[in-house]
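Scroll down for the structure; my scribbles are underneath it.
Numbering (mature numbering (1 follows the signal peptide of the UniProt record, and there is no 0)), first residue to last: -29 to -1, 1 to 498.
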């Protein structure tokens, strides 16, 4: 049954096979990494998940029954004062673990979401609505559940756009079977964990989400199916391919956090399996089947949050993981993915780990880096509030806002970066307290004398915000084609170092027929 159901999925368009390789190589929250482009169907996936999915967050309540349904009544809108940097004053709650302690947080930095996160929320509300309340994989019409969840969690973390997040949750519930694999007689552990996390965070029924009991399928079907403690993809064997189980460290972490927040506890055997992936340097490898232990920053960021949730921020194993991330952070707040790119996906999920662990200095640096990549009033209206994946992508969009590849990466980078900007983590993100709409940038034009008879208009961002989902189109700017890939300049005001990363993005990669089968078969786990 599994085999026949999986083979039906191969009928999807061949173009989708190259999606993962065309996406930024960052934190793919759920997930299964894309297979290397070879002609062998037994290709072992790389340790780093291909970007596009990424991390989510749950509600402050640790049991589904205790989670309140978010109110639709808007609370006070975000402050209109221009916040230029996040608070660096830590306020650490004296609890050792949020799992099983409703409303408690470990090492979480106090303070409201930054203005940058709220404006990023407006970008997500706008782009979700334009695509029927969800995101698709680039160059396709295939539902990208992982990135849609990241947007929901980003909005919940920023405390804006509740109406848009509700609509996206409805779409997710209607299509969850395709995302986690149950529609095809399968189960993808990482996506199931991520969907559970979103359901907890947004106040949904985790025992009947789109007709699926997310807790049950993880604990009673996935856990231990292939080996003790591992949340595995199903079927783990006998699927008709050389490799059936692509579950990895990121997916293990998501499942642990989701189960922990939904039930108040996590199986010790599952935590032990996660700890088995910790390398000598404190980081975590992404590929649990690898013969060597090479730490991956994205995997470590997710695993560190799971450790904080179970053991607290001061446990020696947690400290090692957080120290590893801090040690890899550059002076400008950036971190590199496995492709050697300073990017906002990796920095975004690292910021979540810093927030969970109370690493205030590292968090502030990460937030400054993220804000440098955000588009403000000097950019075309369609880009405003969004956060570019790399400096090169930002320069590309300023020069050519219609560049499809760079815009697709913008859609995938903004959600995870938003939760980091909001100083949120997967351990405490919740829709409670969110306002219905998101504040769009209010842009005005200020005449600037040039010595000629006609003054030129220079778009500038004001400190006021308008609680509407559509940004003002006044004061639009014409981007220059000679824009350098410097992160500073058009980014929203933020205290922090300017970033210059002239990165070259984009190599044309081809997948052969067998790789096409693998990616088509594993689509749900590829975000």
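All C-beta atoms, glycine included, are put in the ideal place defined by N, C-alpha and C.
Just list the residues that DSSP pairs residue i with in beta bridges.
i: residue 249; result: 255
i: residue 307; result: 313
i: residue 114; result: 107
i: residue 230; result: Answer by DSSP bridge pairing: none, since residue 230 is not bridged.
i: residue 189; result: Answer by DSSP bridge pairing: none, since residue 189 is not bridged.
i: residue 267; result: 255
Does the distance from the CB of residue i to the CB of residue j come in under 9 Å?
i: residue 162; j: residue 195; result: no
i: residue 258; j: residue 220; result: yes
i: residue 189; j: residue 147; result: no
i: residue 327; j: residue 398; result: yes
i: residue 261; j: residue 324; result: no
i: residue 355; j: residue 411; result: yes
i: residue 276; j: residue 224; result: yes
i: residue 357; j: residue 338; result: no
i: residue 278; j: residue 333; result: no
i: residue 400; j: residue 128; result: yes
i: residue 390; j: residue 118; result: no
i: residue 335; j: residue 87; result: no
i: residue 315; j: residue 360; result: yes
i: residue 202; j: residue 168; result: no
i: residue 513; j: residue 283; result: This structure does not reach residue 513, given that the chain is present from -29 up to 498, and the question cannot be answered.
i: residue 270; j: residue 248; result: yes
i: residue 85; j: residue 384; result: no
i: residue 350; j: residue 386; result: no
i: residue 160; j: residue 218; result: yes
i: residue 136; j: residue 396; result: no
Near residue i, what residues of its chain come up, given a Cβ to Cβ distance below 6 Å and the 5 sequence neighbours on each side ignored?
i: residue 306; result: 268, 299, 300, 317, 318 and 321
i: residue 199; result: 240
i: residue 184; result: 178
i: residue 294; result: 253
i: residue 132; result: 92, 96, 126 and 409
i: residue 101; result: none
i: residue 181; result: 144 and 147
i: residue 291; result: 253
i: residue 392; result: 85, 87, 88, 338 and 341
i: residue 244; result: 200 and 201
i: residue 154; result: 148
i: residue 208; result: 215
i: residue 388; result: 315, 319, 341 and 358
Looking only at its own chain, which residues have a Cβ that is under 8 Å from the Cβ of residue i, when we skip the five neighbours before and after it?
i: residue 158; result: 151, 152, 188, 192, 193, 204 and 205
i: residue 70; result: 33, 231, 232, 235, 236, 237, 280 and 281
i: residue 103; result: 142
Ordered along the chain, which non-local residues of its own chain (more than five positions away) have a Cβ less than 7 Å from that of residue i?
i: residue 367; result: 374 and 377
i: residue 105; result: 99, 114, 119, 139 and 142
i: residue 246; result: 288
i: residue 286; result: 278
i: residue 134; result: 407 and 408
i: residue 311; result: none
i: residue 197; result: 203, 207 and 216
Please find out if some non-hydrogen atom of the ligand SAH comes closer than 8 Å to the beta-carbon of residue i.
i: residue 304; result: This structure lacks the ligand SAH; in fact it carries no ligand of any kind.
I'd like to know if residue i contacts chain D, where contact means its C-beta is closer than 9 Å to some C-beta of that chain.
i: residue 140; result: Looking at the structure shown, chain D is missing, and only one protein chain is on hand.
task: Kindly confirm or deny that the region 82 to 99 and the region 367 to 376 touch, where touching means at least three C-beta pairs closer than 8 Å.
output: The region 82 to 99 vs the region 367 to 376: no contact.
- request: Would you check if the region 110 to 123 and the region 140 to 151 touch, i.e. whether three or more CB-CB distances between them fall below 8 Å?
  value: Counting Cβ pairs under 8 Å, three or more are found: they touch.
- prompt: Contact between the region 212 to 219 and the region 172 to 184: three or more CB pairs below 8 Å?
  reply: By the Cβ criterion, the region 212 to 219 is not in contact with the region 172 to 184, since fewer than three pairs of Cβ atoms, one from each stretch, lie closer than 8 Å.
- request: Tell me the start and end of each unbroken alpha helix (DSSP H) in the region 341 to 420 that is at least 4 residues and wholly inside, in chain order.
  value: Segments of the alpha helix (DSSP H) lying fully in the region 341 to 420: 362 to 370 and 375 to 392.
- request: Pick out the complete alpha helix (DSSP H) segments inside the region 157 to 231, 4 residues or longer, and give them in chain order.
  value: Counting only runs of 4 or more, we get 160 to 172.
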